[in-house]
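Undergrad: What follows is a single structure, and I will ask about it in a moment.
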Amino acid sequence: MRLVPAALGCWVATIVAVTMGWVAGLVLAVGAVVVAILLWVVLLWAMAHRRERWRVVAVTGLATMLLGAGFGAAGAWQEHHVQSHPLRESFGRSVNVLAVVTDDAKPMRAGGFGGERRWIVRAGLREFGQGPAWTQAGGSIVVLAQGREWAELSPGQVVRFRAEVSEPNRADLTVATLHATDAPKRIGEPPWWQRLAAGVRSDLVEASARALPPAAAGLLPALVVGDTVALSEEVRDAFEVAGLQHLCVVSGANFTILLTALLALTRLLTAGPRTSATAAAGVVVLFVVIARPDPSVLRAAAMGSVTVLALLTGRRKQALPALCAAVIGLLAVAPQLAVSAGFALSVLATAGLILLAPSWADWLRARGWWRAPAEIVAVSAAAFVVTLPLMVALSGRVSLVAIVANALVAPVVGLITVIGAVGAVVACVWGDGAVWVLWCARLPMWWLLGVADRAAAVPGATVTVPGGAVGGVVAAVIVVAVVAALRWSHTRRCLAVAALGVSIVLLPVRFLQPGWPPSGWVLAMCDVGQGDGLALSVAPGAAVVIDVGPDPRPMRACLDRLRITHIPLLVLTHPHADHINGLAGALRGRTVDAIATAPGELRPAIARTCAVAHRTHESASVSVPAPPNLAAPTGTPSRPTAAAGEPPHPVESSVSPPRAPGVIAAQVPSADVAVSPLPPDGFVGTPSHSATSTAPWEPEPTAASHPAERASAVDADARPRTGGDQVVCPSGTPGERLATGDSRSADHGVSQWESHGHSDDTGGVERVAELAGAAGIPLMELHAGHEMTFGTVGLRVLTPSREVPTSLAADEANDRSLVMRARTSAGTILFTGDIEAEAQDRIVRGGDARADILKVPHHGSRTTTPGFLRAVGPRLALISAGSGNTFGHPHPTVTTTLAALGTSVARTDRNGDVVIVGTAADLRIVTSRRTAPRARHGPAPRWRGHGFRASRRVRRGKAARVQVVGGRT
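Those letters in the sequence shown? Residues 466 to 1434, per this note's numbering, in order.
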């Protein structure tokens, strides 16, 4: 225990110097020296008077102060070097930079689709300058860039590029943040050992794609060597909710498992201690090289080695000093780790395994548990408890299923890691042999993905709590109090009774969800956070979905609660992440007939698909997957998306050559749907209620057809056939030749796209295309004049026009939003996407603005004009905004205008999920939270208790009485 204060002192001193500036670090160092002098005096006194306890305290304190002073001074020197770096004089200017890449590129979450993916690249600066004047200087830099060229850079690669210089976002000894303005120019080759590591990683990814289903193929390299290039966003989200996200990065667990397996093998072979130690050291060095020798991997190696020491010796007195020594050594080598959340989580988890897990396992065994389950549960619980305060401070969320999920997957994680490591070694010399080795991981990977998926799907799997420093301190106090209280049997009984009572109350509400959705519901506005996600009911278990929010989890949960199993049409109003990033959640477990966007939004994806096909054909003699615009048999719904770990079923179809160059379209299957026709030159696939086959460019007219327009699927042949899927590329492009040849099935296509990193392209049109292609869902375009009928519900598109915009820039996407009016039993509903003043004025001038219910544009931002709100004149306004959002949505001017119009307002940030039921003459609102929307006109709301609900109505006329049903989902 004597090294614990020293390690903490070094850590605190480094944090102060790095985050508060070099002056604070220097002051702390001087203060520590003064205290050390006083402790030296105390030590002399204790030795003279033979006071052993005082002597131990003085020695420990003296060592702590001296080490703290040294680390504080070192941190102050490095921070001063960063603050006085010559590159900082170029803030706000563009410079040419020569740097060496130090880590793999990490993807940033995109703000919309249609643009290139942005990447975060860490590098070491070598030179920078303008023209002939160059300055040689070192230091750590962060590069924000876009383009696949950056994603393909390997650590150790020297690059030259031009960038704009700005201040770093974090105080972690980073000199500057550079916004790259051009593609990197490679200079030379990376070192041989980095090329070796890159080859091993790529061979493992390729072998995994051949041996495992797509989800498992993307996850296994992340588990083994931390390579997340093929890890799908859906799997990543499920692991985060289930508390398993630590498995997707290189952590001490990787080293612990490999070293344990190696030492067990050496013991089986009766190797001596020196041989075993040499082999273990070689494995650690080799694994560090393959996983990238950055500070986080070095930290994982140190923590894993300490854990192995604790497991093999069973003596905490040896493991704890080793942990403290590892902390001091790592901070000396890489002081930036002091402010790394990963470093703190790793140290805390290792400390929990050393200090808490053994005694907790003994306690469980004393009460009749078998040894293996007792140790697994104790380890999972210890790691969760000690890291909980920091997780609360960082994320403001707590996973209630983390302990159970980690305990369930613990038996297979080690097996997967060993199989993956063996497969990586074999893949270097024999690719087919590696496929057979990795095939053995199918069953454990199925179990791991299944546990993560089902744990993430549990209602209330995570709870939101106050985050930040205050939330972390409160969580730490609660954890300490609960752990201390559990030492007494009476307290354990009281807590058990309290937990049972809470479960009796909460479980029926969370799992049974009585009365939800309400009978006869018309429209649901899902609480998806800061974004839009709506469902328009068209039949029992079926709904037209309009936007899917920024996150798959809440969108999936909302549609599950609404018991939606079929989506005849899914509309993405415009290309921003808060409207499309939840697409995977909407597709999961549901049949979807078509995905629709505004004109032109999908065409860049088609061009890029064909370009990728051409490049892939040149680099390898294999075909690429077809894009998602695949024809499907008329009247046949698309299949549900596959569960985690299961490969999608192949989608076999063909697309005949188009009349217009570059057109990909498909017959859109949908039951009981009528769409007014358009001229055949429109780029659109159209739903049809007719089960009879007609010429794709001359569809059967329907009763709902608009007399002025005609619609058709463009040159689509929906007949399934045996063989590969085909893709039609723009005429004259290099990909056109390849697209007409063989290609692979949809499940293989997804894995191939993921292996090239497209699975991380969250929010990009490629991601939308991948998901649609994997599920065999046709893509289509809608524009003004389209009319669709879904049973008794009519839907008409008001804007935009059929012309494809000359610019598809993301910052202009709001006014490109699809605006639709729905005719329902609850009255007319106007869906507005995120249109701003210009598009709103066009709608008002067109005379199509009136509606009973308005989905307020752009989450109620100030870009919504009072004139537009007055022209619509809604009785009910729906505002989808995130609770506590930093944008100030909804803006006070919008809510004030609605109040002046006498409009009732329902908001997801206050009311949660909002469901509209009833008829136009007797309109009611049901909310998932007790807090009800505020009545904006007429008499005060009349509350009536109905268990968890109270009701509110909206009637026609100026004196409408409003009643809201506040329930619980």
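Don't be surprised by glycine CBs; every beta carbon is placed ideally from N, CA and C.
Using only the alpha-carbon positions, how far apart do G612 and A588 sit?
TA: Rounded to whole angstroms, G612 to A588 spans 17 angstroms at the Cα level.
Undergrad: Going straight from the alpha carbon of G1238 to that of A695, what length do you get?
TA: The straight-line gap from Cα to Cα measures roughly 17 angstroms.
Undergrad: For Q1334 versus L1363, is the C-beta spacing smaller than 8 angstroms?
TA: The question names Gln, but residue 1334 in the sequence shown is Leu. Against a cut-off of 8 angstroms, the Cβ pair of L1363 and L1334 comes out as a contact.
Undergrad: Cβ of C475 within 8 angstroms of Cβ of F536?
TA: Result yes, Cβ atoms of C475 and F536 sit closer than 8 angstroms.
Undergrad: Just to confirm the assignment: which complete alpha helix (DSSP H) runs, minimum length 4, are found wholly within the stretch 1005 to 1072?
TA: Counting whole runs of 4 or more residues, the stretch 1005 to 1072 contains the alpha helix (DSSP H) stretches 1017 to 1026, 1042 to 1045, 1048 to 1052.
Undergrad: Work out the CA separation of W828 and A1097 for me, nearest whole Å.
TA: The predicted model places A1097 with a pLDDT of 34, which falls under 50 and marks its position as unreliable; any figure quoted below should be read in that light. The alpha-carbon atoms of A1097 and W828 are separated by roughly 60 angstroms.
Undergrad: Go to V715, then tell me how far its alpha helix (DSSP H) extends in each direction, as first and last residue.
TA: V715 -> no alpha helix (DSSP H), and no H or E assigned at all.
Undergrad: Thinking just about the alpha-carbon of each residue, which of I1318, G533, W657, F752 is nearest to the one in R1340?
TA: Ranking the options by Cα distance to R1340, first place goes to I1318.
Undergrad: Tell me the rounded alpha-carbon separation between V962 and L999.
TA: Approximately 40 angstroms between the Cα atoms of the pair.
Undergrad: Does the distance from the C-beta atom of V866 to that of A926 stay below 8 angstroms?
TA: Yes, they are a contact pair.
Undergrad: Determine the contact status of L988 and V1013, defining contact as a CB-CB distance below 8 angstroms.
TA: Result no, Cβ atoms of L988 and V1013 do not sit closer than 8 angstroms.
Undergrad: Could you tell me which of A628, W505, S667, A511 sits nearest to N561, measuring between CA atoms?
TA: Among A628, W505, S667, A511, the Cα nearest to that of N561 is on A628.
Undergrad: In the DSSP assignment, the alpha helix (DSSP H) including F1333 goes from what residue to what residue?
TA: Where F1333 is concerned, the enclosing alpha helix (DSSP H) stretches over 1331 to 1337.
Undergrad: Exposed or buried, T1167, counting other C-beta atoms within 10 Å across all chains shown (16 or more means buried)?
TA: For T1167, the pLDDT reaches just 33, beneath the cut-off of 50, and the residue's location in the model is therefore unreliable, although a value from the coordinates is still provided. It counts as buried.
Undergrad: Quick one: is C1023 buried, meaning 16 or more other Cβ sit within 10 Å of its Cβ, or exposed?
TA: Counting Cβ neighbours within 10 Å, C1023 comes out buried, since at least 16 surround it.
Undergrad: Buried or exposed for G937, please, with buried defined as at least 16 other CB atoms from any protein chain shown within 10 angstroms of its CB.
TA: It counts as buried.
Undergrad: Buried or exposed for I502, please, with buried defined as at least 16 other CB atoms from any protein chain shown within 10 angstroms of its CB.
TA: By the 10 Å Cβ count, I502 comes out exposed.
Undergrad: Rounded to whole angstroms, what's the CA-CA distance from V1380 to M990? Just pull it up for me.
TA: Whole-angstrom Cα-Cα distance: 6 angstroms.
Undergrad: Based on the DSSP secondary-structure assignment, which residues constitute the bridge partners of A1342?
TA: Answer by DSSP bridge pairing, in chain order: L1319, V1370.
Undergrad: Is the distance from the Cβ of V498 to the Cβ of A534 below 8 angstroms?
TA: Going by C-beta atoms, V498 is nearer than 8 angstroms to A534.
Undergrad: Please go through the stretch 1223 to 1298 and give each complete alpha helix (DSSP H) segment of 4 or more residues, from N-terminal end onward.
TA: Qualifying alpha helix (DSSP H) stretches, in chain order: 1230 to 1240.
Undergrad: Distance check for R1375 and S845, CA to CA, integer angstroms please.
TA: Those two C-alpha atoms are separated by around 36 angstroms.
Undergrad: Report yes if the CB atom of G812 is closer than 8 angstroms to the CB atom of V483, and no otherwise.
TA: First, the amino acid is wrong: residue 812 is Val here, not Gly. Taking 8 angstroms as the Cβ cut-off, V812 and V483 do not qualify as a contacting pair.
Undergrad: If you draw a straight line from the alpha carbon of L788 to that of K650, how long is it in whole angstroms?
TA: Taking the straight line joining both Cα atoms gives about 42 angstroms.
Undergrad: Curious, which full-length alpha helix (DSSP H) runs of at least 4 residues does the stretch 603 to 644 contain?
TA: With a minimum length of 4 residues, the continuous alpha helix (DSSP H) runs that stay inside the stretch 603 to 644 are 613 to 616.
Undergrad: Does the beta-carbon distance from V700 to A680 come in below 8 angstroms?
TA: In this structure, A680 lies closer than 8 angstroms to V700 by Cβ.
Undergrad: Within this structure, are the beta carbons of A523 and A511 separated by less than 8 angstroms?
TA: Contact: yes.
Undergrad: Here's a check: name, in chain order, each residue in its chain whose Cβ is nearer than 6 angstroms to the Cβ of A471, leaving out the five neighbours to either side.
TA: So the qualifying residues of the chain are A528, T529, L532.
Undergrad: Give every residue of the same chain whose Cβ lies closer than 6 angstroms to the Cβ of V851, excluding the five residues on either side of it in the sequence, and list them in chain order.
TA: Hits under 6 angstroms: L813, G817.
Undergrad: Evaluate K571 with the Cβ neighbour count: other Cβ atoms within 10 Å of its Cβ, from every protein chain shown; 16 or more gives buried, anything less gives exposed.
TA: Per the 10 Å Cβ criterion, exposed.
Undergrad: Between E1303 and S1348, what straight-line distance do the alpha-carbon atoms span, to the nearest angstrom?
TA: Rounded to the nearest angstrom, the two C-alpha atoms are 28 angstroms apart.
Undergrad: Taking DSSP's pairing of strands, which residues face N1376 in a bridge?
TA: Answer is none; N1376 lacks a bridge partner.
Undergrad: Anyone know if the C-beta pair for E614 and A564 falls short of 8 angstroms?
TA: The answer is no: Cβ separation not under 8 angstroms.
Undergrad: In whole angstroms, give me the CA-to-CA distance for R1327 and L468.
TA: If I take the Cα positions, the gap works out to 57 angstroms.
Undergrad: Closer than 8 angstroms is the cut-off here; do at least three beta carbon pairs connect the stretch 681 to 695 with the stretch 732 to 739?
TA: The stretch 681 to 695 vs the stretch 732 to 739: no contact.
Undergrad: If we count the other Cβ atoms within 10 Å of its Cβ and call it buried at 16 or more, is L730 buried or exposed?
TA: That one is exposed.
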